[in-house]
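Trainee: Please see the structure below; I have some questions.
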Amino acid sequence: MSGLYKIAMKNYNNEETVITAYGVALTETLSSFSTVAFNFNATGDNQVAEDLLGPRALFTLENGQTFRLTTSNPTPNSRFRVYAITATAIGHDLNDRYIKDTLTGQQTIQACLDFLVKDTPFKYQVDGQIDPHDFGEDSIGGGHGDDVLSSIAEAFGCEWWFDNYTLHVAKKIGKDDAFIFVDRVNTSHIAWNEDYSTFYTAIHGTGKPIEQENNGGGSGGDIETLLKPYVGKAPYHWGGITPDGWDCSGMIDWLLKQYGIPWPNSRPNTVALESMGQVVGPPYQPGDLLFWGPRGGSWHVSIAVGNGYRIGADNDNDGTVYRPINNWPPSFGVRVPALSAHAGGGSSDDSGSDDNTDQPEQYTCQADYFSPWADKPGIGKIWADDFSSDTITDENALKEALKAQLHDYPDVQYTVDWISFQRNVAGMANEIKVGDNGWLRDRFGTDVNVRIQSFTRYLDNADSSNNDSITFGNKIFDAALYETREKDAKNVQNQIEQLKREINNSNNVSYTIPTMTGEEVQRLDSYFKQ
193 MSGLYKIAMK
203 NYNNEETVIT
213 AYGVALTETL
223 SSFSTVAFNF
233 NATGDNQVAE
243 DLLGPRALFT
253 LENGQTFRLT
263 TSNPTPNSRF
273 RVYAITATAI
283 GHDLNDRYIK
293 DTLTGQQTIQ
303 ACLDFLVKDT
313 PFKYQVDGQI
323 DPHDFGEDSI
333 GGGHGDDVLS
343 SIAEAFGCEW
353 WFDNYTLHVA
363 KKIGKDDAFI
373 FVDRVNTSHI
383 AWNEDYSTFY
393 TAIHGTGKPI
403 EQENNGGGSG
413 GDIETLLKPY
423 VGKAPYHWGG
433 ITPDGWDCSG
443 MIDWLLKQYG
453 IPWPNSRPNT
463 VALESMGQVV
473 GPPYQPGDLL
483 FWGPRGGSWH
493 VSIAVGNGYR
503 IGADNDNDGT
513 VYRPINNWPP
523 SFGVRVPALS
533 AHAGGGSSDD
543 SGSDDNTDQP
553 EQYTCQADYF
563 SPWADKPGIG
573 KIWADDFSSD
583 TITDENALKE
593 ALKAQLHDYP
603 DVQYTVDWIS
613 FQRNVAGMAN
623 EIKVGDNGWL
633 RDRFGTDVNV
643 RIQSFTRYLD
653 NADSSNNDSI
663 TFGNKIFDAA
673 LYETREKDAK
683 NVQNQIEQLK
693 REINNSNNVS
703 YTIPTMTGEE
713 VQRLDSYFKQ
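In terms of the numbering used here, the sequence shown is residues 193 to 722.
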């Protein structure tokens, strides 16, 4: 029997009312934003809510959690409109902010979260120890806040949840041995689904790329390869023209000498470089000179390399840098044909170029990892996407990373109908929170260790057994489980054949099709219950 549930509502002008709702379903999912769905009839006091309903409306449940309007679906009947509302946890307001900046290199989780919540009403709490992560040349940022949060969670291997405007982060959320659900005692309809769509048994990986230095004259090789060894090492020195110390135009002067390209005049400066080619705008290609300031009065220069990055001698504090062009967009660019001829690595807009022959990349280590499944005659090698690391330099460490990366197991998802919510049934006190670990025991007596991935609870339902549900996740990592199943199958098959022979001998009946008598069924049923 459904009851009614009170939900506080506030519109974009902070005008408030209370909605009398029904069918109130709260869904919480691990490392995702909670949602609430409910219905209300636009009659009586609820007519005020109908008039206030609009963009950015907020709803607060009796547990104090606040949600923002996602969809509103009114359906008229003969007397009033019936509204179906969905709303998403206030934490999703992180999506409001587009973070243009990026972070690279080694970072702490705190630095990344400071980066995430800057200029927002959110704060965070880190539970437990989370080690720093080295992004290498990859970066986070350049996206909406909720996407950056997902990138942080993936990089640090952590999980998260929101308590309104407080973001909680931990290596693992939830408790162990928090619940026991026994079929036909305090739950029912235990079911599971095994998904093999992302099942792979082989993976190739590469470690940190080897940077090739070239300090001599002549062709000099690829621009990015030539300059990268000096990133973070060559200091900024006003008037300098060598890696021992250079300024922005001095670095370009040194680069031009490596290729034997003459300066437009004898004194290195940014304005002189402007006349070396055709003025261009974004997207910039590798080899383009990038200028800051007006044409004829530029005051800074660097050079575009592959994948939207640039290299330049920026200032006393930063020295020689390798950074995304979009982090500090230049005023204009100049395309110098003599430099473009030495600019490999593809264009900065990822369009690629057929004018340069890519040299084979060299790595500090390479390895393949094969799952035990790869030796099974009916499975073999099923190759996953290649894995690469900007930090791993040891083959054994790479193989461990490949082993962790390979998805050589099915995704198994258990579901149950929710009968006893946080009640003591037969001596079992169950705590139901996303991330909690516990046990399921099915009607055959099989115990399975599972973790709560998601749950939906109807807050207005006096008897929740008809609607509430829990979804569990359980990953099978050990191939030995299927070996055991195979042995069990052979044992059962032998038992059935033996049973058929006994019945044939006693009844003098020849079985040509696998049809079983009632007695056989009873005897097999007795066997399975052993």
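Even for Gly, the Cβ is constructed at its ideal location relative to N, Cα and C.
Expressed to the nearest angstrom, what Euclidean distance is found between the alpha-carbon atoms of Ile495 and Ala559?
Mentor: Cα atoms of Ile495 and Ala559: separation of roughly 35 Å, rounded to the nearest angstrom.
Trainee: Only counting runs of 4 or more residues, tell me where the alpha helix (DSSP H) segments fall wholly within the segment 461-549, in order along the chain.
Mentor: 462-465 and 529-532
Trainee: Find out if the Cβ-Cβ distance for the pair His599, Phe348 is shorter than 8 Å.
Mentor: no
Trainee: Residues bridged to Glu689 by DSSP?
Mentor: Looking at the DSSP assignment, Glu689 forms no beta bridge with any residue, so it has no partner.
Trainee: Please state whether DSSP places Pro266 in a helix, a strand or coil.
Mentor: strand
Trainee: Strictly by DSSP, which residues pair up with Arg649?
Mentor: Leu218
Trainee: Am I right that Arg633 and Asp375 are in contact with their C-beta atoms under 8 Å? What's the rounded C-beta distance?
Mentor: 7 Å
Trainee: List the DSSP bridge partners of Lys315.
Mentor: Thr358
Trainee: In whole angstroms, give me the CA-to-CA distance for Ser342 and Val361.
Mentor: 12 Å
Trainee: Thr676 to Gly335, Cα distance in whole Å?
Mentor: 47 Å
Trainee: Considering only their Cβ atoms, is the gap separating Leu261 from Ile277 smaller than 8 Å?
Mentor: yes
Trainee: Hey, Lys400 and Ser581: beta-carbon distance below 8 Å or not?
Mentor: yes
Trainee: Counting beta carbon pairs with one atom in the segment 357-372 and one in the segment 620-630, are three or more of them shorter than 8 Å?
Mentor: With the cut-off at 8 Å, the segment 620-630 and the segment 357-372 touch.
Trainee: Could you tell me which residues DSSP puts in a beta bridge with Leu183?
Mentor: Residue 183 lies beyond the stretch modelled for the chain, which goes from 193 to 722, so this question has no answer here.
Trainee: Please report the straight-line C-alpha distance between Asn509 and Gly424, rounded to a whole angstrom.
Mentor: 10 Å
Trainee: Between Tyr204 and the rest of its own chain, which residues show a CB-CB distance below 8 Å, the 5 nearest in sequence each way excluded?
Mentor: Closer than 8 Å at the Cβ level, and outside the excluded window around Tyr204, lie Gly246, Pro247, Arg248 and Ala249.
Trainee: So what's Pro427 in DSSP terms, helix, strand or just coil?
Mentor: coil
Trainee: What does Trp352 pair with, by DSSP beta-bridge criteria?
Mentor: Val361
Trainee: Can you tell me the Cα-Cα spacing of Phe251 and Thr219, whole angstroms?
Mentor: Taking the straight line from one Cα to the other gives about 15 Å.
Trainee: When you compare each of Asn461, Asp338, Gly215 and Ala464 to Val309 by their alpha carbons, which one comes out closest?
Mentor: For the residues Asn461, Asp338, Gly215 and Ala464, the minimum Cα distance to Val309 belongs to Asp338.
Trainee: What whole-angstrom Cβ distance do Leu482 and Pro522 have, given they're in contact under 8 Å?
Mentor: 4 Å
Trainee: Once the 5 residues before and after Thr296 are set aside, which same chain residues still bring their CB inside 6 Å of it?
Mentor: Phe327 and Ser331
Trainee: Go through its chain and collect everything with a Cβ distance to Ile567's Cβ below 6 Å, but skip five positions before and after it.
Mentor: Here the sequence assigns Asp to residue 567, which means Ile is not the residue at that position. Answer for Asp567: no residue qualifies.
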